[in-house]
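K.L.:
Residue numbers (our numbering): 603 to 907.
1. Our contact map puts residue 781 next to residue 816 with C-beta atoms below 8 Å; I'd like the distance itself, whole angstroms only.
2. Suppose contacts are defined by Cβ-Cβ distances below 8 Å. Is residue 663 in contact with residue 616 by that definition?
3. Output the distance between the C-alpha atoms of residue 655 and residue 622, rounded to the nearest integer angstrom.
4. Going by the CB atoms, is the gap between residue 807 and residue 837 shorter than 8 Å?
5. Go ahead and label residue 692 buried or exposed: buried means 16 or more other beta carbons lie within 10 angstroms of its beta carbon, across all protein chains shown.
6. Sorted by chain position, which residues of the same chain lie with C-beta nearer than 6 Å to residue 714's C-beta, five sequence neighbours on each side aside?
7. What is the DSSP secondary structure of residue 626, counted as helix, strand or coil?
8. What first and last residue would you give for the alpha helix (DSSP H) that runs through residue 845?
9. Do residue 735 and residue 779 have their beta-carbon atoms positioned less than 8 Å apart in this structure?
10. Any chance you could list the alpha helix (DSSP H) runs of at least 4 consecutive residues sitting entirely within the segment 736-808, in chain order?
11. Starting from residue 696 and walking both ways along the beta strand (DSSP E), at which residues does that stretch end?
12. Closest by CA to residue 792, which one among 799, 750, 881, 805?
13. Cα separation between residue 766 and residue 639?
14. Counting along the chain, where does the alpha helix (DSSP H) carrying residue 876 start and finish?
15. Quick check on the DSSP output: the beta strand (DSSP E) that includes residue 906 runs from which residue to which?
16. Sorted by chain position, which residues of the same chain lie with C-beta nearer than 8 Å to residue 659's C-beta, five sequence neighbours on each side aside?
17. Pop quiz: residue 613 and residue 676 are said to be a contact at Cβ under 8 Å. What is the actual Cβ separation, rounded to whole angstroms?
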């Protein structure tokens, strides 16, 4: 289970060993309290088993880009999980590391419909009819191996088989995989942005690497709050592969930036997030057209009608 994405240059970590219900409770309260751009939480089994994932010990880790206030965090956890649990929290430092570069070293190409996402080490595995997207190792999210990215690529493949969108927006572009995929399919400018400057640089670099740099000029933006993104509206295809809370908050903005008949692909959701996100977009007169579930993550195709 992953709630949020590790902030770039994270140097501080909080850890807790507990049972599965407590792990979920602690990770929930941290991710709901802190901005996901600054803090990320992961919860996982200490010794994974396919027999009973609720019976073993779990580990909760929270990563911070800045030194955390240990006293306040202990007080926060004590309020929801008790003083004993709060006292078991440990704080330390983590090695600065290029996590995406490390993860790509042993990863095989990932296929999603006509698309194949691969690293430079796997170029020989690309087939003649593949739409290949080569991802350069960088401190940004989106290697194609995550269920959310694969879900978005599959939705894009399905959309492209029935129509050719004219104006496309990628919110939270990460490494630029979705923008690159759309540019290769439609050969037109793709508007994209990310809150993280490292992601913006990675997306631009990957676009050039894939021969579509002329179509993609990512900007640093929180959501769609950038003049370059707003001036290009209305969009008839929008991707937002981020997290549940910002997706809910973005619903009115996305409604303003789209037109009747637009496709909106939303991802970054675990199952329990889906009802709240659906409610936010239904309030903006959008309907659910399709849902994909991959590796515990949901991708939604909403349509404005």
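All residues carry an ideal CB built from backbone N, CA and C; glycine is no exception.
P.N.:
Here's the rundown:
1. Rounded, the Cβ-Cβ distance is 13 Å, inconsistent with contact.
2. yes
3. Low confidence applies here, because residue 655 scores a pLDDT of 47, under 50, leaving its location unreliable and the question unanswered by this model.
4. Taking 8 Å as the Cβ cut-off, residue 837 and residue 807 do not qualify as a contacting pair.
5. exposed
6. 752, 755, 756
7. helix
8. No alpha helix (DSSP H) holds residue 845; DSSP gives it neither H nor E.
9. yes
10. Within the segment 736-808, complete alpha helix (DSSP H) segments of at least 4 residues are found at 749-762, 779-788, given in chain order.
11. Taken as a continuous stretch (DSSP letters only), residue 696 belongs to no beta strand (DSSP E), as it is neither H nor E.
12. 805
13. 33 Å
14. Run containing residue 876: 876-884, per the alpha helix (DSSP H) assignment.
15. 899-906
16. 619, 620, 621, 647, 648, 649
17. Not really, about 20 Å apart at Cβ, beyond 8 Å.
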